Amino acid sequence: MKKMTLFHLSWPIFIETALFMFLGFIDVFVLSKYDDLAASAANTANQAVNLCTLVFTVISGASAVLISQALGANKREQASRIAALSIVFNLILGILISALLAIFSRPILLSMGAQEKILDYGTEYLLIVGVFLFTQALLGTISVIIRNHGFTRVTMYVTVVMNIINTFLDIVFVLGLLGFPKLGIRGVAIATSFSRIVGVVVLLIILFKRIEKPKIFKLLRPFPGKDMLSLLKIGIPSAFESFNYNLSQLVVTAIVLNFLTQTELITKTYVSNIAMFFYIFTVSIGQGAQILVGHKVGARDFDSAYKQGMRAFSTAFIISMALSLLGILLRYQLMALFTKDTAVISAGAVLIILNIFVEAGRTSNIIIISSLRGAGDVIFPTGVAIFSMWILSTFCGYLLAVVLGMGLNGLWVAFAADECFRGVLMLWRWRTGKWRLKRIA
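Residues 51 to 491 (our numbering) are what the sequence shown spells out, left to right.
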């Protein structure tokens with residue numbers, strides 16, 4: 051296992067996270083040159099995909115905590131056993147969910163309120179991506195194992211390869227180059243799925259050449275029931291917090307589809323993609339902090355774990371605010387990358403200004419929740435999330451956007467209230483030190 055610092059872990063994770071976000075960004079960007087409705091359909095369908103992939107994080111997210119704490123406590127065999135268990139479990143789960151998503155793609159989009167061209171485009175996209183969704187289960191699980199051994203640059207390089215493949219195929223398939231017909235949204239779905247398959251194959255080769263041996267699966271005999279319970283104990287609450295966020299966002303998308311205009315749907319699609327680049331540093335620093343906190347807690351070095359969490363928060367907050375301010379200065383230029391529609395550009399420019407308040411709260415949530423998760427404290431963040439996401443973000447978002455007629459501006463005010471409320475409570479929880487009692491390994 052390699053020696054680790056927050057910078058050593060976070061910069062490759064940042065590149066990897068940015069590139070993963072770019073995978074979705076380039077899909078929407080290329081489709082925006084093909085058809086605005088196709089871009090919105092892909093974004094809408096991905097809301098359902100993201101909700102399904104959260105099921106995989108029950109195991110992969112928990113394995114990140116348990117592996118880091120086991121390595122911190124010098125329990126190498128336990129770390130290997132958890133790695134094997136998480137790979138097998140998520141592969142089986144991934145195959146089942148892939149089948150369900152492929153079969154029920156159209157009913158899922160109908161339940162979200164998708165109609166006409168968005169429904170047709172979305173079904174076409176979801177059918178292909180759904181069949182190969184099990185690859186995302188393996189990607190997330192294997193990446194977690196490799197990162198928690200300190201090899202964050204390895205997963206970064208693999209993501210670079212995936213981006214190159216995805217971007218190249220997006221352009222070729224959507225625009226009909228090199229003799230291929232114009233496949234539109236179907237081409238994006240094929241490109242995304244193929245790049246994930248390549249990523250899984252490469253990660254498996256690296257895992258079994260540099261970190262583990264295929265014989266780790268023998269550690270599953272007899273079945274490690276205690277480890278499985280630990281994975282579920284950590285994984286279910288953690289995934290439920292993320293599940294609530296994505297489900298609430300799914301409901302928000304349904305509100306936009308059913309009560310707001312097509313222009314507002316397109317605006318939300320583009321601003322949501324732009325906003326991802328305001329918090330990519332935060333996500334990467336949060337993942338690095340989770341690994342380090344897990345190792346420190348496993349070694350019972352609680353004071354260092356606390357300082358690590360606070361240092362990560364301070365760093366991420368400064369960077370997030372700087373990027374958000376830069377985004378405000380360039381808001382019209384950023385929107386013009388996607389569309390020439392002046393109504394969409396003007397509406398999006400206002401949302402980018404409001405979004406700085408969303409990022410202020412989101413930074414605390416991402417960093418501190420990651421740190422709490424690394425320590426094994428997962429119940430409190432989930433409880434707060436259930437209340438805040440549904441009351442402040444979703445219900446108040448509906449009141450402001452639809453009942454009071456504020457449209458997307460009302461939704462973004464509600465998003466900011468939710469993120470800031472949870473962010474303050476997460477900081478309070480970290481400062482109380484109650485997470486010190488949650489150590490598992």
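Here a beta-carbon is modelled for each residue, glycine too, at the ideal position from N, C-alpha and C. All of these numbers come straight from a predicted model, not from anything done at the bench.
| Query | Result |
| --- | --- |
| Between which two residues does the alpha helix (DSSP H) harbouring residue 476 extend? | 457-482 |
| Which one of 137, 479, 474 and 429 has the shortest CA to CA distance from residue 407? | 474 |
| Where residue 220 and residue 66 are concerned, what is the direct C-alpha to C-alpha distance, given to the nearest angstrom? | 19 Å |
| Would you call the stretch 283-303 and the stretch 428-439 in contact, with 3 or more CB pairs under 8 Å? | yes |
| Sort 157, 159, 266 and 486 by Cα distance to residue 127 and report the nearest one. | 266 |
| For residue 497, which of 167, 89, 430 and 191 has the nearest alpha-carbon? | Within the shown structure, residues of the chain are numbered from 51 to 491, placing residue 497 beyond reach of any answer. |
| Identify whether residue 175 lies in helix, strand or coil by the three-state DSSP scheme. | helix |
| Considering Cα atoms alone, identify which of 180, 280, 284 and 222 is closest to residue 246. | 180 |
| If you reduce the DSSP assignment to three classes, tell me which class residue 84 lands in. | coil |
| Tell whether a beta-carbon distance below 8 Å holds between residue 132 and residue 174. | no |
| Please determine, among 172, 73 and 60, the residue with the shortest C-alpha to C-alpha distance to residue 324. | 73 |
| Between residue 496 and the rest of its own chain, which residues show a CB-CB distance below 7 Å, the 5 nearest in sequence each way excluded? | This structure cannot settle anything about residue 496, because the visible part of the chain is limited to 51 through 491. |
| Mapping DSSP to helix, strand and coil, what is residue 213? | helix |
| Can you list the alpha helix (DSSP H) stretches of 4 or more residues lying completely in the stretch 241-322, in chain order? | 275-309 |
| Are the beta-carbon atoms belonging to residue 110 and residue 136 less than 8 Å from one another? | yes |
| Within its chain, find whatever has a CB closer than 8 Å to the CB of residue 378; leave out the 5 residues flanking it on each side and keep chain order. | 402, 403 and 406 |
| Nearest by alpha-carbon distance to residue 100: which of 229, 274 and 299 is it? | 299 |
| With distances taken from CA atoms, which of 482, 129 and 447 is nearest residue 309? | 447 |
| Could you give the DSSP three-state label for residue 165: helix, strand or coil? | coil |
| Roughly how many angstroms separate the alpha carbons of residue 226 and residue 81, rounded to a whole number? | 12 Å |
| Does the Cβ of residue 383 have 16 or more other Cβ atoms within 10 Å, making it buried, or fewer, making it exposed? | exposed |
| Which residues in the same chain have their Cβ closer than 7 Å to the Cβ of residue 365, if we skip the five residues on either side of it in sequence? | 335 |
| Between the stretch 111-125 and the stretch 150-160, do at least 3 Cβ pairs fall closer than 8 Å? | no |
| Are residue 412 and residue 329 touching if we call contact CB-CB under 8 Å? | yes |
| Give the C-beta separation of residue 342 and residue 56 to the nearest angstrom, bearing in mind that I take them to be a contact with Cβ-Cβ under 8 Å. | 6 Å |
| Leaving out five residues before and five after residue 460 in sequence, what residues of the same chain have Cβ atoms less than 7 Å from its Cβ? | 447, 450, 451 and 454 |
| Quick check on the DSSP output: the alpha helix (DSSP H) that includes residue 232 runs from which residue to which? | Where residue 232 is concerned, there is no enclosing alpha helix (DSSP H), given that its DSSP letter is neither H nor E. |
| Buried or exposed: residue 145, going by 16 or more other Cβ atoms within 10 Å of its Cβ? | exposed |
| Determine the extent of the alpha helix (DSSP H) in which residue 32 is found, giving its start and end residues. | For the chain, the structure presents residues 51 to 491; residue 32 sits outside this window and is missing. |
| Hey, how far is the Cα of residue 197 from the Cα of residue 230? | 38 Å |
| How long is the line joining the alpha carbons of residue 260 and residue 444, rounded to whole angstroms? | 45 Å |
| Using the three-state DSSP reduction, which class does residue 329 fall into: helix, strand or coil? | coil |
| Where does the unbroken alpha helix (DSSP H) through residue 394 begin, and where does it stop? | 392-425 |
| Just mark residue 469 as buried or exposed, buried being the case when its beta carbon has 16 or more other beta carbons within 10 Å. | buried |
| State buried or exposed for residue 431, treating a residue as buried only when at least 16 other CB atoms are found within 10 Å of its CB. | buried |
| By DSSP, does residue 93 sit in helix, in strand, or in coil? | helix |
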